[in-house]
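A.B. asks: Numbering of the sequence shown is given in my numbering, commencing with residue 105 and proceeding in unit increments.
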Amino acid sequence: MNVSEMPGVYLGVVKNNKLDAEGRIEITLEGVSGNVDSYFARVSTLMAGNERGTLFLPEVDDQVLVAFVNGSVNGDPVIIGSIWSAQDKPPDYNDNGENDLKLIKTRSGNQISFVDTDGEETIEIQTPHGRKITIKSDPGEITITADTITLEGNTHITGTLDIGTVSKTHIEGNTITGQENDRSDI
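#1: Please classify Ile131 as buried or exposed, where buried requires at least 16 other C-beta atoms within 10 Å of its C-beta.
#2: Starting from the Cα of Ser217, find the closest Cα among Glu225, Asp141, Lys206 and give me that residue.
#3: Going by C-alpha distance, which of Lys236, Ile208, Ser142 is nearest Asp251?
#4: So does the region 164-176 actually touch the region 110-117, counting three or more Cβ pairs closer than 8 angstroms?
#5: Decide if Leu133 is buried, meaning its Cβ has at least 16 other Cβ atoms within 10 Å, or exposed.
#6: Can you give me the C-alpha to C-alpha distance between Arg146 and Asp165, rounded to a whole angstrom?
#7: I'd like the ranges of any alpha helix (DSSP H) spanning at least 4 consecutive residues and lying wholly in the region 154-195.
#8: I need the DSSP call for Arg235, collapsed to helix, strand or coil.
#9: Buried or exposed for Ile183, please, with buried defined as at least 16 other CB atoms from any protein chain shown within 10 angstroms of its CB.
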């Protein structure tokens with residue numbers, strides 16, 4: 105194949121994922137005769153514009169799929185996706201074949217998952233150390249799992265509020281107010 109003609113899609117490997125001034129990263133191409141040492145390729149993404157968009161860059165040594173604009177080496181190489189391999193395994197295997205789990209998982213283990221199982225619809229944000237926020241569609245429940253939960257700013261709660269604790273509870277404030285029918289031993 106003439107190296108100036110680059111129709112189709114090629115396997116590439118990320119050499120350096122630091123974006124240059126044009127938003128490109130450095131890659132090498134596998135199995136292309138007459139291949140130059142490396143190319144600077146743009147990264148296709150869900151949305152891109154002037155200082156806005158989604159930013160999901162492949163990691164160094166990740167395998168990527170590369171296409172050339174207009175099928176020519178003179179066209180810009182564009183990374184159109186990343187692929188798993190025998191060495192780089194997917195974060196989940198869809199073992200039941202139902203495709204009910206969608207997720208984003210980073211190299212350190214931060215994860216956002218969406219469960220679409222009928223009656224168990226859930227969104228979860230989780231850190232590698234197990235801190236998480238879980239939103240369940242039914243029964244309309246939000247659970248926050250952490251050692252400390254901090255709410256800053258004005259906090260308003262509408263509806264019934266039941267506060268229970270199995271350990272010592274400390275309430276502190278400049279002013280604590282209540283209704284005249286309320287009882288407190290403060």
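Idealized CB from N, CA, C, for every residue including glycine.
C.D. replies: So, from the listed chains and residues:
#1: buried
#2: Lys206
#3: Lys236
#4: yes
#5: buried
#6: 16 angstroms
#7: none
#8: coil
#9: buried
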